[in-house]
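Asker: Just so we're aligned: the sequence shown equals residues 156 to 926 in this note's numbering.
We treat Cβ as the ideally placed atom computed from N, Cα and C, and that holds for glycine.
Input: one structure, supplied below.
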Amino acid sequence: MGRTKTENIPADVYIQFVRALFDNAGMVAIGGVCYWILGFMVYLRTQDLLYLTLAFVMLSASLWRYFSIRGFHRAGGTIASVAEAEAIERNYILKGSAQGLALGSFCFVSIYLRPDQFAELASVSLSLTTLVTVVGRSYGSMRMVQIFSLTLVGPAALALILRMDMASVVLGLMIFPLTFVTINSADHVRNVLFSAVIGHKQAGNLTRRFDRALNTMSHGLVMLGPDGRVAVANAEAARLMSLRSGDALLGRSIHGLLMRGVAGGMLAPKDCRYIEAQLTRALREGRDRKVLVSLANGQHYEFSAREGSQELGVITFEDVTVRVEAEEKIRFMARYDNLTGLPNRAYFHELVREAMASGEQDRLCGLAVLDLDDFKSVNDTLGHPVGDGLIYAVAERLAAIAGPGITVSRFGGDEFMIFFDRVEDESHLGTLLDRIFADLQGEVDVAGHGLRIQASGGAVLSKVKDTEVDAMIVKADLALYKAKELGKNSWRLFEAAMDAAFRNRQLMKADLRNAVQAKDLRVVYQPIVSVSTMRIASCEALCRWDHPDLGPISPGVFIPLAEEMGIVSDISTFVLEAACAECAKWPAQTSVSVNLSAKDFRNRDIVQKVRDALAKSGLAAHRLEIEVTETALLDDKSLTRESIEDLKALGVRIALDDFGTGYSSLSYLHKLPLDKIKIDRSFLVDMNQNRQSLDLLKGIVSLSRTLGLSVTIEGVETFEQLKTLVHLVKPDFVQGFLFGAALSASGIETMSSVTWPFVADLHIAGKRTAS
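Okay, structure coming up:
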């Protein structure tokens, strides 16, 4: 039979119900004996063998059930699956139905077939008594209750109805409501027990979940009862208190728990009293209160307490050592330089302000800024790790002088700051700085590289009450700039004139910005002469600025200012557009060259700027030459290479400017899509006196031609240099003051078809050399 589809009973509960059918086997045997005794007594009264037969049938049915139940228990009394439970239930119903039918037959015979007053009373009493026990024994199987009830009382009801008298019929019909009540009572008992089992199961699951949640918390947790003693504790609390389990904490007070820490030497008595007071207060006030405690073994615990429900107080605590150490590390990182361990810029400001705010306000204090000379070349040639090693070596030497009254900081990059809290006079400050510079001198080994430390410095001396940190830093920086202007490797003390120079510099910056925005700059062109024809083949566009008050400003002054201000790309764009527009008016054989800075190539829109300038002017792309400095290549090789390749794709020619002044120029000749190299003027200095210099120049030209590159030699200033270049070195182009100063656009247009007058002298010199 099994469960009906309408029953929504979990498998484990159904198995438990079926298992309950096999309880109290002895009651079944006792019932069978009672059945036999009553049947036998009816037989003795009536001497009717049918009753004797029924007595043994009822006893046999009961014993059959009894031995079936006993057999179930002897087999282990377990049910492994729902399918097995359904089979066992079907077997139980079969044997129960046989017993019920036997009892029902006893009623039918005594009421209808062999009527006897005693037999009728005995059978009805036996049936009603048995019907009552059905509810308590067979509630686990509703089919058993239904079938057993019908087989038990059905024959009695039928016998009464068959008597055909009104009273018997009514009595027979009344048996069915009684049977319905019995079946319904069994169903109610079943539902009550089912709800109890499910509730117990849910409570067990909830308890297990609570226990699991409690004992898998990362926090230690204890709950205090109304008496202030531990009622609940989890495994983490026991572990943090060095106990075996949470049960070992039960019954202890807050004071007792804390005293374990005191006894173990991890907690000082005063800390114990403080923590107990804070936690007790938190429990009393009913709000969270956190207490951080540092233990003697270096660990850090955080306690938190609050009043819970039902007068239970809750205390949680955890080992926050990792968090505290991380916070300390973060605080250190926020205050100290990661590479050198010296105070950083922000913390230096804080320390100096605190020092200046305390003590006598009339005392003198000093501040010095140090900057390593030519540090960028170390990074560019040897790499940033070596540069960091040099910074660290300098920081070690400066840290040695730090102490009471002297604060050393790394401001960033290769810049260091030193504050002297108390200085006697200018001579005293000079002595201190001279000693520092002397200690810095010398060579250090960084990753196998012998590097010499060389620094420049600027210092300022002031009364504490008359200045502030930022103002001192500005003045020290101005003194540093002056030291670098005067040749580096020294220090200078701030003077009022430096401030005036700084202000003039700032004014010049403002004027330059206005000039760039108003396009008040102008472009001139230095001729680039073809060696074969001694005519202008191209020219280099150069920017000029005529200040309304100061007159012409040298590019060596305003270009560095523009780079510092971040507007050099605006100047490059102006020169590019002007050069393309003017070159478009010149004869077709004349081209123009524009020098782009390293900052231009950091901007990804440089290619679009060149494309727009060509389109706006109508200049053919092959007549524009872009000069790339080696600084731009070193600055960001991948981005610069990408931009050069995009420019090359436009048809623009690319020249490497100032070849030979860098550290790895030869590597660019085959890595980049170049059309020309421009050899720096430094190669011409002793060309006519030093054979090696001449051979080197000839070798570079020969190598360039082998690679398909044309060559321009810059800085030609004398006729003797030109003769040597023409007859011995044989470059493609020459450029220099020998051919005059830079010309205006109209001057280039006029001179483009003119042959230089000393071309004849070159040929005569060539014939004499040949003879």
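For isoleucine 485, does the count of other Cβ atoms within 10 angstroms reach 16, so buried, or fall short, so exposed?
Answerer: exposed
Asker: On a CA-only basis, which of Ser459, Ala593 and Ile608 is nearest alanine 548? Give me that one, please.
Answerer: Closest option to alanine 548, judged by alpha-carbon separation, among Ser459, Ala593 and Ile608: Ile608.
Asker: Just grab the DSSP bridge partners of threonine 562 for me.
Answerer: Beta-bridge partners of threonine 562 (DSSP): Phe574.
Asker: Leucine 864 to lysine 831, Cα distance in whole Å?
Answerer: 5 Å
Asker: Could you give the first and the last residue of the continuous alpha helix (DSSP H) run that contains alanine 504?
Answerer: Inspection of the sequence shows that residue 504 is occupied by histidine rather than by alanine. Segment 500-512, the alpha helix (DSSP H) holding histidine 504.
Asker: Between the Cα of isoleucine 556 and those of Met653, Leu587, Ala743 and Cys262, spot the shortest distance and give me the residue it belongs to.
Answerer: Leu587
Asker: Taking 8 Å as the threshold, find out whether the segment 724-738 comes into contact with the segment 768-778 through three or more Cβ pairs.
Answerer: yes
Asker: Just to confirm, is the Cβ distance from proline 886 to isoleucine 903 under 8 Å?
Answerer: no
Asker: Do you know how far the Cα of alanine 481 is from the Cα of serine 727?
Answerer: 49 Å
Asker: Which one of Gly597, Gly613, Phe458 and Pro498 has the shortest CA to CA distance from glycine 521?
Answerer: Gly613
Asker: Buried or exposed, going by whether 16 or more other CB atoms sit within 10 Å of the CB of glycine 468?
Answerer: buried
Asker: Tell me which residues share the same chain as leucine 824 and place their Cβ nearer than 6 Å to its Cβ, disregarding the 5 neighbours each side in the sequence.
Answerer: Leu862
Asker: Cβ atoms of valine 563 and phenylalanine 545: under 8 Å apart, would you say?
Answerer: It should be noted that the sequence gives leucine, not phenylalanine, for residue 545. No; because the gap between Cβ atoms is not below 8 Å, this pair is not in contact.
Asker: For serine 819, which residues of its own chain have a beta-carbon under 6 Å away from its beta-carbon, when the five flanking residues on both sides are left out?
Answerer: At serine 819 the pLDDT is 48, less than 50, meaning the model places this residue with poor confidence and gives no usable figure here.
Asker: Can you tell me whether isoleucine 185 is buried or exposed? The criterion is at least 16 other CB atoms within 10 Å of its CB, across all chains shown.
Answerer: With fewer than 16 Cβ atoms within 10 Å of its Cβ, isoleucine 185 is classed as exposed.
Asker: Between glycine 327 and the rest of its own chain, which residues show a CB-CB distance below 6 Å, the 5 nearest in sequence each way excluded?
Answerer: Ala312, Leu315 and Ile316
Asker: In the structure shown, what three-state DSSP assignment does isoleucine 330 receive?
Answerer: Isoleucine 330: helix per DSSP, three-state reduction.
Asker: In this structure, how does DSSP classify glutamine 890 when only helix, strand and coil are distinguished?
Answerer: DSSP, read as helix, strand or coil, puts glutamine 890 in coil.
Asker: Enumerate, from N- to C-terminal direction, the unbroken alpha helix (DSSP H) stretches of 4 or more residues contained entirely within the segment 690-737.
Answerer: 710-720
Asker: Thinking C-alpha only, which one of Val749, Trp741, Glu782 and Ser724 is nearest asparagine 758?
Answerer: Nearest option by C-alpha distance: Ser724.
Asker: From this set, Lys803, Leu829 and Glu800, which residue's C-alpha is nearest aspartate 812's C-alpha?
Answerer: Leu829
Asker: Give the DSSP-derived three-state secondary structure of glutamate 515 in the structure shown.
Answerer: coil
Asker: Does the beta-carbon distance from glutamate 946 to arginine 808 come in below 8 Å?
Answerer: With the chain covering only 156 through 926, there is no way to say anything about residue 946.
Asker: Arginine 428: which of Lys445, Arg415 and His410 sits nearest, CA to CA?
Answerer: His410
Asker: Would you be able to state if there are at least three C-beta pairs under 8 Å between the segment 168-187 and the segment 215-227?
Answerer: yes
Asker: Can you confirm whether the segment 890-904 touches the segment 682-695 when touching is taken to mean that 3 or more C-beta pairs between the two stretches lie within less than 8 Å?
Answerer: yes
Asker: Bridge partners for isoleucine 470 per DSSP, in chain order?
Answerer: Val377 and Ala460
Asker: Is it a yes or a no for the segment 848-856 touching the segment 650-663, going by three-plus beta-carbon pairs under 8 Å?
Answerer: Taking a cut-off of 8 Å on C-beta distances, the segment 848-856 does not touch the segment 650-663, as fewer than three cross pairs fall below it.
Asker: Decide if asparagine 346 is buried, meaning its Cβ has at least 16 other Cβ atoms within 10 Å, or exposed.
Answerer: exposed
Asker: Closer than 7 Å by C-beta to alanine 550: which residues in its own chain qualify, once you throw out the five before and the five after it? Chain order, please.
Answerer: Thr495, Leu497 and Arg565
Asker: Have a look at Leu662, Cys694 and Ala753 and flag the residue whose alpha-carbon is nearest the alpha-carbon of phenylalanine 713.
Answerer: Leu662
Asker: Spell out a yes or no on whether the segment 591-605 and the segment 498-514 are touching, meaning 3 or more CB-CB pairs, one atom from each, closer than 8 Å.
Answerer: no
Asker: Assuming serine 748 and glutamate 695 form a contact by the criterion Cβ under 8 Å, report the distance between their Cβ atoms to the nearest whole angstrom.
Answerer: 5 Å
Asker: Going by DSSP, what residues sit across from phenylalanine 814 in a beta bridge?
Answerer: Ile834
Asker: Within the segment 233-297, note down every full alpha helix (DSSP H) run reaching 4 residues or more, in order along the chain.
Answerer: Runs found: 237-263 and 272-293.
Asker: Give me the Cα-Cα distance between aspartate 543 and aspartate 529, rounded to the nearest whole angstrom.
Answerer: 14 Å
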